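Sequential numbering from 1089 applies to the sequence shown in my numbering.
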Amino acid sequence: MKQMESYQRSFIEYLKIEKNASPLTVENYSKDIDVFADFLESEGLSLNQCEYSTIRIFLSRLHEAELSRRTVSRKISSLRSFFRFLDREEIIQNNPFVNVSLPKESYKIPEFFYEEEIKQLFTVSDLTDPLGQRNQAIIELLYGTGIRVNECTTIELNDIDFSLSTLLVHGKGRKERYVPFGQFASQALTTYIENGRIALSAKSTQQTPKLFLNARGGPLTARGLRLILDKMVEKAALTVDIHPHKLRHTFATHMLNAGADLRSVQELLGHEHLSSTQVYTHVTKDRLRQ
């Protein structure tokens, strides 16, 4: 399947250069194509031998693996884009994904923290300790701005404007936006930058402009940040699970509950489509019914 690998490399370059895709998007597309390439190899088929029936068999394998509808949808979307690229470059004669539709998403209300639970999270960090100061700044920033976990780990010191209380966020598809932050986030960030971050930075010989550092003084990764959140929830003795977007969901829900305009929340979250933000209105309606 060396030809397939060559086509895949060309497609990845196209994503990076022409589509300006984020590293995470490129990684997901590449993994999805790898899965399909393995399937073709197991079936003894080449790209040009792919037909609609081939795709149906592939999809049935995905369902047999008990993947979620969201995961299956993403794989189909990745392969659709890949085959459109192959078709446009005249590498294939027919595009078997033309008539393949995405599975409908099952409706799921976003999970969020109640105000009492959030208050508990704010009390678990040791504010005399560098890591505790960092963790407090993280939780205040995630809840106070609604930014994504991945966005949080890409923040650099120069992205923060304390005079205007704004943060430059590097979002999906390398789109940038400014978001405001409040007094509590400002205080937590100031304490961390002036104390905790200096102490953590001294542990590494290589200096980084990234805002949030790990215990060794290097840049904090998204995985590391998720582990921090898990430990904070455990320490707060909350009987709830936390996932990367839960604080983001909480920010949006609490904003709308407080009477914020839907369009304003859309801009703050960096949603391209209003429909992505409208899901939170269902949360607020359910709250009213309760």
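Note that the Cβ used here is the ideal one computed from N, Cα and C, for glycine as well.
The structure displayed is predicted, hence computed values, not measured ones.
Between Tyr1095 and Ile1179, the CB-CB gap stays under 8 Å. When DSSP states are grouped into helix, strand and coil, Thr1254 belongs to the strand group. Within the segment 1141 to 1220, the runs of alpha helix (DSSP H) that reach at least 4 residues and sit entirely inside it are, in chain order, 1157 to 1176 and 1203 to 1209. C-alpha of Leu1301 to C-alpha of Ala1325: approximately 25 Å in a straight line. With a cutoff of 8 Å on beta-carbon distance, Val1257 and Gly1358 are scored as near each other. Taking the Cβ atoms as the reference, Glu1239 lies roughly 6 Å from Gly1259, within the contact range of under 8 Å. Beta-bridge annotation (DSSP): Leu1301 is paired with Pro1307. Arg1236 carries a coil assignment under DSSP once its states are collapsed to helix, strand and coil. Cβ neighbours of Leu1288 within its own chain (closer than 6 Å, five residues either side excluded): Pro1218, Leu1301 and Gly1305. In the assembly as shown, Val1267 is a buried residue. Its beta-carbon has 16 or more other beta-carbons within 10 Å.
Take the alpha-carbon of Ser1161 and the one of Asn1283: they are about 45 Å apart. Only residues of its own chain outside the window of five on either side were considered, and among them Phe1099, Ile1100, Leu1103, Ala1109, Ser1166, Ser1169 and Phe1170 have a CB closer than 8 Å to the CB of Tyr1117, listed in chain order.
Taking C-alpha positions only, Ile1143 is separated from Pro1184 by approximately 7 Å. Counted as a single uninterrupted DSSP element, the alpha helix (DSSP H) harbouring Arg1097 occupies residues Lys1090 to Ile1105.
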